[in-house]
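For reference, the structure discussed in these notes is given below.
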Amino acid sequence: MMGELSSTDSDSECCKYWVEWFTCTEGNEYFCDVDEDYILDRFNLTNLPQEVPHYHKAMELITDQIDDKPMSEELREQVERSAKHLYGLIHARYIITARGLVKMLDKYKRGDFGRCPRVFCYHNPLLPVGLTDVPNQKAVKLYCSRCEDIYTPKSRRHKAIDGAYFGTSFPHMLFQVYSSLKPAPSDQRYVPRIFGFKLHATAELHRWQDEQREEQKKRLGIANNS
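All letters in the sequence shown, in the order written, are residues 152 to 377 by my numbering.
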């Protein structure tokens, strides 16, 4: 089954199940393994049959139930592409469930998604995030919970991953559930200087940003106390 539609024979020999093969394939390190019972629950697949070509064949491939009937090389390639796309769409839904958050949290703690390149974030772990929930629109980005900014993955393979396979809500949902793990925002920043003196325009901007931050803290304090 897997050997018919995998990218290489060596890949299919190493992994017994399709999901295992997919998540172990180089370039797919951001994905976690979705539980089979979640995949088989039709409630979790609402509207996906209309979005994925060869949906039923793709589902059979993902769940290792595809038959051995001969098919053309072109159809095999189409089914495999559909299976990868379908898994990505299911993955986006799964990782905001309790079980999915636990699996992604483990990857976050290991630094599987990389670490923030910003100096003053001190290698804070990153999380994948989509800029839209619509497939085939934007590639995945990496969110830093310390500077609250996003970055482009370094790897060419990771740059090609569809952001919709992670969705716009995932990192924020994770820190809602595990709020104790969210680091305090970084107040440190680089200040351009010439001969030790701050550049006037930059200094003015930073002063305004500091005032806005303090004002926001006051508002949040009032809201929390009310």
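Even glycine gets a Cβ: it sits at the ideal position worked out from N, Cα and C.
For P279, the number of other beta carbons within 10 angstroms of its own is at least 16, and it is reported as buried. When the five nearest sequence neighbours on each side are left out, the beta carbons in the same chain lying within less than 8 Å of the beta carbon of K292 are those of P279, V280, G281, L282, I301, Y302, T303, P304, G314, in order along the chain.
The shortest C-alpha to C-alpha distance from R244 to any of L196, P336, A290, V328 is the one to L196. Beta-bridge annotation (DSSP): I345 is paired with F348. In this structure the segment 242-262 does not lie against the segment 210-223, because fewer than three pairs of beta carbons, one per stretch, are closer than 8 Å.
Per the DSSP secondary-structure output, R340 pairs with nothing in a beta bridge. As computed with DSSP, C295 is found in a beta bridge with L277. Per DSSP, the unbroken alpha helix (DSSP H) holding Y259 starts and ends at 249-261. Taking all protein chains in view, the Cβ of H274 is surrounded by fewer than 16 other Cβ atoms within 10 Å, so the residue is classified as exposed.
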